[in-house]
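Have a look at the structure below before the remarks.
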Amino acid sequence: MHGGPKVVALTFDDGPSPIDTPHVLDILREHGVTATFFMIGMNVKRYPDTVRQVVEAGHQVGNHTWSHPDLGTLSRAGVRREIERTSDIIATTCGERPALFRAPGGHFTRNSYAVCADLGLRSICWNVDPEDWSNPGAAAITSRVLSTTRTSSIVLNHDGCLTDTLITAPGGPGDRSQTVDALRVYLPKLLAAGYRFTVPDRS
Ligand SMILES: [Zn+2]
Numbered sequence: 091m092h093g094g095p096k097v098v099a100l101t102f103d104d105g106p107s108p109i110d111t112p113h114v115l116d117i118l119r120e121h122g123v124t125a126t127f128f129m130i131g132m133n134v135k136r137y138p139d140t141v142r143q144v145v146e147a148g149h150q151v152g153n154h155t156w157s158h159p160d161l162g163t164l165s166r167a168g169v170r171r172e173i174e175r176t177s178d179i180i181a182t183t184c185g186e187r188p189a190l191f192r193a194p195g196g197h198f199t200r201n202s203y204a205v206c207a208d209l210g211l212r213s214i215c216w217n218v219d220p221e222d223w224s225n226p227g228a229a230a231i232t233s234r235v236l237s238t239t240r241t242s243s244i245v246l247n248h249d250g251c252l253t254d255t256l257i258t259a260p261g262g263p264g265d266r267s268q269t270v271d272a273l274r275v276y277l278p279k280l281l282a283a284g285y286r287f288t289v290p291d292r293s
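To convert, take the position in the sequence shown, counting from 1, and add 90; that gives the working numbering.
As C-alpha cells, then:
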C-alpha cells in the first residue's frame, strides 16, 4: 500500500428507497461523510423526493441503468436506452446530469463503455464488497468492510432494490436494514482509524 492519505469512497447501489435511504442519510450526516448513490432509473421515477433528499444533503448521484438488466444481454442501442433514460430522469429530478455510471452486477461491457464515452459518463466499479444484498447479518457486513477496506477502496453497499414490493417487505430481499445497521457501526470505526471519505472523480 502506498503511504498517501487514507481516503476511501462509500457507494450505495439500487436505490433510492423511501424506507432505507433516509436512514443512510441520517448516519452520513451525523458523521459529516459524503457518498455516491448509484440509482436505478425506475426508482428515481418512483421516489423523486428521496432523490432530492440525497442531493440536498450534498451527495453525488450516479447512473445505475433504468431497470437493472445484465448489460451483456442487450444490443448497444438497448444499453444506450437503459443509460440515457436514467441520466435524463436524474437530470429532470435533481437538476444535474450524472457524471458517473456503474453497471448492474459490475458487468461493464464493450457496449457500456462505448455508450458511456458517448454520453460523458465515467464507469466506476468497486473493490470492497461485503455482499450486503444477501442479508448475511449486520455483524458480517461490518467485519467484511472493516477487514478489507484499504486506502483508495471503493466500498459497495445497497440502499434499495429494483422492485418496490420487495423494498416494503420486512426481512425480504429488498430490506436493507442490515446495511443500515452495519453502516452505523463501521463508519465511526473507519473514521477513528483515520479514514476520510470522498466521491469518485467525475472526469
Ligand atoms: Zn445494482
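Virtual Cβ for every residue (Gly too), placed ideally from N, Cα, C. No experiment lies behind these values; they were computed from the predicted model shown.
Outcome for residue i when other beta-carbon atoms lying within 10 angstroms are tallied against a minimum of 16
i: Thr183; result: buried
i: Glu172; result: buried
i: Gly93; result: Residue confidence for Gly93 is low, a pLDDT of 49 falling below 50, so the modelled location carries little weight and cannot support an answer.
i: Thr239; result: buried
i: Val97; result: exposed
i: Ala193; result: buried
Check whether residue i and residue j have beta carbons under 9 Å apart
i: Thr101; j: Ile231; result: no
i: Thr140; j: Pro188; result: no
i: Ile180; j: Thr126; result: no
i: Phe128; j: Asp110; result: no
i: Val144; j: Leu115; result: yes
i: Cys251; j: Arg234; result: no
Alpha-carbon to alpha-carbon, residue j and residue i
i: Tyr137; j: Pro108; result: 7 Å
i: Gly227; j: Val270; result: 11 Å
i: Ser202; j: Thr176; result: 14 Å
i: Ala272; j: Gln150; result: 21 Å
i: Phe294; j: Gly162; result: Residue 294 is absent from the structure shown; the chain starts at 91 and stops at 293.
i: Asp222; j: Gly185; result: 31 Å
i: Ile117; j: Arg274; result: 6 Å
Interface flag, residue i vs chain D, CB-CB below 9 Å
i: Pro95; result: Here there is only one protein chain, and chain D is not present.
Near ligand 2: residue i beta-carbon under 8 Å from a heavy atom
i: Pro95; result: Of the ligands this structure carries, namely ligand 1, none is ligand 2.
| Quick one, what's near ligand 1 if you take every residue whose CB is closer than 5 Å to any heavy atom, in chain order? | Asp103, Asp104, Pro194
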